[in-house]
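These notes concern the structure reproduced below.
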Amino acid sequence: MVDPQATKSLIHRILDSMRKLYSSLYMLIATLLSLGGFAQIEAERMSVHAIFEANQGQWEGPFDYSLNLNNGGVFFEPGGYSVHLLNPEQLSRGQHQHHAHDHEGHHHEPVVPFNRIQSIAYTVEYVGANKMAPSSGGHKAPYHRNYFRGNDESKWASEVPLYGSVTYNDFYPNIDIRYYSKDDHFKYDFIVNPGGNPTAIQWSVVGTEMEIIEGELHYKAPFGDVVEWAPVVYQIVNGEKVIIPSSFQLSNGVASFDVGAYDSSLPLIIDPTVVFSTFSGSTSDNWGFSATYDLNGGLYGSGICFGTGYPTTNGVYDPNFTDGPSPNLTYVDATISKFSPDGKSLLYATYLGGSESDQPHSMIVNSQGQLIVYGVTGSSNFPTSANSADNTFGGGPNTVPFSFYPLNNPFYGFPAGTDAFIAVFSQNGSNLVGSTYIGGSGREAINTAIQRNYGDGSRGEVIVDPNDNIYVVTTTFSSDYPLVNSNVGGIAGQCDAGITKLNSNASSFIWSTMYGGTGADQGYGIEVADNGFVFITGGTNSQSIPGTTNGFDPTYNNNTDGYIARFDANGALTVATYLGTSTYDQSFLIDSDKYNAIYVFGQSSGNYPKTSGAWSYGSSRQFIHKFNNDLSSSIFSTAFGSSANNNMNLVPTAFNVDECLNILLSGWGGSVNSQAGFLGGNVRGLPTTSDAEQTSTDGSDFYFMSLSANGQSLSYATYFGGSVSEHVDGGTSRFSPDGQIYQAVCAGCGGSNSFPTTAGAYSQTNRSSNCNLGSVKFNFDVSIEAAADIDYTVDVDTVCNTLTVQFTNNSRNANVYEWEFGNGVASPLSEPIVNYVNFGTYQIRLVAIDTICDISDTAYLTIVHDTGIAPKAGFEVDYTVCDATRTVYLTNQSRKSTNYTWNMGNGDILTGFEPAYSYPQEGQYTITMIAEDTACNKFDTTRAVVNFVTDIEAPVVHITPSDCKNGRFDVRYENDSSYYRYRWEWEDGTVEWDKFPDTKAPRSGVQTVKLTIVDDVCNSIWNYEFELDIDRIDNRIYIPNAFSPNGDGVNDVLLLKGNTCLRNTRFVIMNRWGQEVFVTDTPFSEFWDGRFKDGNIKQDTYVYVFYSEDGERKGYVTIIP
208 MVDPQATKSL IHRILDSMRK LYSSLYMLIA TLLSLGGFAQ IEAERMSVHA
258 IFEANQGQWE GPFDYSLNLN NGGVFFEPGG YSVHLLNPEQ LSRGQHQHHA
308 HDHEGHHHEP VVPFNRIQSI AYTVEYVGAN KMAPSSGGHK APYHRNYFRG
358 NDESKWASEV PLYGSVTYND FYPNIDIRYY SKDDHFKYDF IVNPGGNPTA
408 IQWSVVGTEM EIIEGELHYK APFGDVVEWA PVVYQIVNGE KVIIPSSFQL
458 SNGVASFDVG AYDSSLPLII DPTVVFSTFS GSTSDNWGFS ATYDLNGGLY
508 GSGICFGTGY PTTNGVYDPN FTDGPSPNLT YVDATISKFS PDGKSLLYAT
558 YLGGSESDQP HSMIVNSQGQ LIVYGVTGSS NFPTSANSAD NTFGGGPNTV
608 PFSFYPLNNP FYGFPAGTDA FIAVFSQNGS NLVGSTYIGG SGREAINTAI
658 QRNYGDGSRG EVIVDPNDNI YVVTTTFSSD YPLVNSNVGG IAGQCDAGIT
708 KLNSNASSFI WSTMYGGTGA DQGYGIEVAD NGFVFITGGT NSQSIPGTTN
758 GFDPTYNNNT DGYIARFDAN GALTVATYLG TSTYDQSFLI DSDKYNAIYV
808 FGQSSGNYPK TSGAWSYGSS RQFIHKFNND LSSSIFSTAF GSSANNNMNL
858 VPTAFNVDEC LNILLSGWGG SVNSQAGFLG GNVRGLPTTS DAEQTSTDGS
908 DFYFMSLSAN GQSLSYATYF GGSVSEHVDG GTSRFSPDGQ IYQAVCAGCG
958 GSNSFPTTAG AYSQTNRSSN CNLGSVKFNF DVSIEAAADI DYTVDVDTVC
1008 NTLTVQFTNN SRNANVYEWE FGNGVASPLS EPIVNYVNFG TYQIRLVAID
1058 TICDISDTAY LTIVHDTGIA PKAGFEVDYT VCDATRTVYL TNQSRKSTNY
1108 TWNMGNGDIL TGFEPAYSYP QEGQYTITMI AEDTACNKFD TTRAVVNFVT
1158 DIEAPVVHIT PSDCKNGRFD VRYENDSSYY RYRWEWEDGT VEWDKFPDTK
1208 APRSGVQTVK LTIVDDVCNS IWNYEFELDI DRIDNRIYIP NAFSPNGDGV
1258 NDVLLLKGNT CLRNTRFVIM NRWGQEVFVT DTPFSEFWDG RFKDGNIKQD
1308 TYVYVFYSED GERKGYVTII P
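Under my numbering, the first residue of the sequence shown is numbered 208, with each subsequent residue one higher.
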């Protein structure tokens, strides 16, 4: 019986360490993985199936390595290993709560609180094992992980390695143990070296019981036993796997192996397989929040992840206990990963958090390549830096991130309240450059007052200025939010927007202030314009907010409004404006253009104003509004939406105005936003352009759009998503300056693989049983760069050496061109034609200019003109060597020539295009033809030889038996002709008319072969006899009757040997139902590896048929473990 107090302590430690693995996706590059998926996908690339992570102090517990399972973990130490498993059915129901409606609107089962989920922990202890055995990892992964957990820097870990296998040497005397996985099963091998004794291997278990059932060893668990299949014991003898009889033994709670007789001078392999009922490849559930980019196009994705920790008490955990202020919570960590610009490589993965929940809301990379993360933490020991601006956790009331979670029974939350945090990471993610809390004694960074969309509770944004100063906008409920260099007295209503400027390493607040009225005011987006003014936007239900007197709309409209507020470089409020109609409105994202105009992107359920001449579409559910810098006047506004949809189409996630004044936006919509208390709606009916990536939708997808300057036209629009409800769980994503979106997505929920990915991306598979963070990099291809590119075609003018070049302009996004051709000539044309009269080398320059975006690009090309097109002489001559008239027939194939002179080789000179000629006598003659271009005074010469004879020389025949020893022989001729005929005759009377016969000799041994060569043109016949010693060995092949495709490198394929010269070969293997499992027409180079349809097939006996020119051969082959 398990001690209840110890069990409670264990659960809290498990909850405290619920930190595991997470994933990402990429489009332009699109990739999908769980960071359990990090482990699984990288494992697949290393031809292994799990990742073992070294414990370098990032985890509590006396273990060396961990292996993450879908519903738990395995923890390895020299004396054995510990297993911690959660009930997978209950866990799945809890994890699915955040998308409680599928795309058909069906409800999922009720959430199961985490510490009411049934669990088991047990430890396998090897009796008498060497607990000082040295360990080593194999198949090292090409990336690493970083851990910043808690405020004790000694427990942080950077560049933690990962492996595909772990080996403990001298586990017992002369016995090693190797842990790995295969076919999604955890495996271990005992390698009994000479001098080792397999009877020494014994083990017991603490926390459960063992039982042998039908030869398999069962570890009892209330939700499905863990099973070790009957062991496979073998030796490699002379390159062949020899199976040794073996079985499990169990006596008085101690298990061991009963191994039959074997050769003790050779290593012995004991190879069990452990089947966890839910092991599916080291994956964990994770939710997507934020994405950003760096200057090199690298992709960062962030989210939260769930997992299990090292068990400190063994046994079945009572699922019905209650303890502490928030007994039903799961805790989560923030996770950040960085991918290469092409999305094919994971560069690092970083885990960030304290003892309670932490989640990232917004990210940006500064000019030094350092990643800045803004988010929320409920941890009093969040990893702050020693010189942080604020290292004290303010806390607050019990908080949940999603309004549909009740405070007394959420799946995860913040029982000790929340603060905002800023964390600054080094370029490689291995060091925490700076980190600080931002907050007071109330709630920060969770927007609970106005939460009209799923994920709105986790908004807020961080940005940087050209000097890498950090700006963050959040929402605060604290009366003591930090105010630095501010003239604000404190919180004005239920909640205010908190705006804080920090230095580049978050060691000090430069200024910090609050903004709001008497109601609820939430801060969502922030922007620093080029003129230094700071702008924020968000949602408000305050009847009055400061600074609106001189703003465009000074009056609260109704229900909920959006707002924009402007602050000077010192943090002082200068002006503000409401945004909205008489019904619901909110503004979520904000940006500025190069002229310091201000743009916002939001939602409206009213008739949002549309400027004449601006593009608009359908209903007014989403709006874009542009203001001058002092917010006093509107420059343009527009709205769009599905006319058939009375609810919102999009929840805004990313917004940008590029250098060309194009307006880029991203959002999602669908069933996830239809949960209780949210606005609902879907993305059906929105416009797409002809070049859209995806023109159809299931209603629950992302939507990407671009408008031209001032919203005059729709430039690009597409849906993006799969067959499940793509969304984000909060946070911001970003557009890079070159018009590519870096979008975080919570994708593949329910374990789906439908989310679109691209070939070559880091992962194209959802390895989690639930959701994966997806990170999309998608190129809108709008006019944000002038890309110059030159191609050309050449020809030579009829005026001799003049080179005429037609230039092809492949430039993109440019409207003005400046050509220089290297010969003193220039042109503004798009695709000019240029004549080069003189020989020489010419460098061509093209400058492509985008006058709208004020940018240009230059391309260069070098052309060498060293010759014109000269005459090319050419002719063919046709004649018969024994022709009595000795006539030649000339075919003129010359080019670029007008006059032709023929020297017939006997003193006769002819002219004309194709003159007729007959030689007066036999002999060999060289015909010389001169082709002349009279206009350019150039000529070319070519020659051909003819030979007329009466006495034809007999061909020389060389014949040798074939090396294939198949009854055939090889023939080589000298002095033969294309019109000769060849008759072969064998001693059995077989005749074949062919230059190179294919007939086999009727037998082996010395025999006579006859050949007749017939010249029908010159009426000549030549007879030959050859006495040959010929070998004929038919159907000589070796086909094994068994092989063992288990990946040990020995006898892994069905290797055929024999006569590789056999023709018309085909090798077919069929199962007992006659289904073909392997077919090849090259049986001596392509071998069966025991796989069928990309999967291993089971142990069994299979039928084969070998076809060849010698007939058929049938037999059986057996697959053994």
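Ideal Cβ placement from N, Cα and C applies to all residues, glycine included.
Every value quoted in this text rests on a predicted model; they were computed, and no experiment measured them.
Nearest to Q566 by alpha-carbon distance, out of S552, V539 and T557, is V539. With the rule of 3 Cβ pairs closer than 8 Å, the segment 1119-1134 counts as touching the segment 1086-1095. By the neighbour-count criterion, in which 16 or more other beta carbons inside 10 Å mark a residue as buried, N459 falls on the exposed side.
According to the DSSP assignment, T1287 belongs to the beta strand (DSSP E) that extends over E1283 to T1287.
T406 sits in a helix when the DSSP states are folded into three classes. Between T747 and D728, the beta carbon gap of about 4 Å places them in contact (Cβ cut-off 8 Å).
Judged by their CB atoms, V679 and W718 are not nearer to each other than the 9 Å cut-off. Remark: fewer than three beta-carbon pairs, one from each stretch, lie closer than 8 Å, so the segment 909-927 and the segment 681-689 are not flagged as touching. In the structure shown, A899 falls within a coil segment according to DSSP collapsed to helix, strand and coil. Taking C-beta separations shorter than 7 Å and ignoring five residues to either side along the sequence, the partners of E1121 in its chain run L1097, T1098 and N1099, following chain order. Under DSSP, T1167 takes part in a beta bridge, and its partners are D1177. Secondary structure of S686 (DSSP, three-state): coil. For the pair P608 and D936, the CB atoms are nearer than the 9 Å cut-off. In this structure D396 does not touch D465 by the C-beta definition: roughly 17 Å separates them, more than the 8 Å allowed. Within a 10 Å sphere around the beta-carbon of P285 sit 16 or more other beta-carbons, which makes this residue buried.
Taking all protein chains shown into account, E1139 has 16 or more neighbouring C-beta atoms within 10 Å of its C-beta and is therefore buried.
Within a 10 Å sphere around the beta-carbon of P438 sit 16 or more other beta-carbons, which makes this residue buried. For S1185, the secondary structure class from DSSP, reduced to helix, strand or coil, is coil. Assigned with DSSP and collapsed to three states, N814 falls in coil, not helix or strand. Linking N803 to I842 through their CA atoms gives a straight-line distance of about 12 Å. Per DSSP, the continuous beta strand (DSSP E) segment holding Q1050 begins and ends at G1047 to D1057. Taking every protein chain shown into account, the CB of T1157 has fewer than 16 other CB atoms within 10 angstroms, so this residue is exposed.
As summarised for the segment 406-452, there are no continuous alpha helix (DSSP H) elements at least 4 residues long confined to that stretch. DSSP places A916 in the helix class (H, G or I) of the three-state scheme.
Assignment of G582 by DSSP, reduced to helix, strand and coil, places it in the strand class. In the three-state DSSP reduction, N275 falls in the strand class (E or B). Cβ contact annotation for V481 (same chain, cutoff 6 Å, sequence separation greater than five): F393 and E435, in chain order. The C-alpha of S552 lies about 48 Å from the C-alpha of V1032. Contact check for F1250 against L1235 fails: the beta carbons are separated by 9 Å or more. Rounded to the nearest angstrom, the gap between the Cα atoms of D1307 and K1321 is 17 Å. With a contact defined as Cβ atoms closer than 8 Å, L914 and N869 qualify at about 7 Å. Look at G1302 here: in three-state DSSP terms it is strand. In the three-state reduction of the DSSP assignment, N880 falls in the helix class. Beta bridge pairing from DSSP links V1221 with R1188 and I1228. Taking C-beta atoms as the reference points, K1207 and G1174 count as a pair closer than 9 Å. Of the other Cβ atoms in all chains shown, 16 or more fall within 10 Å of the Cβ of W494; this residue is therefore buried.
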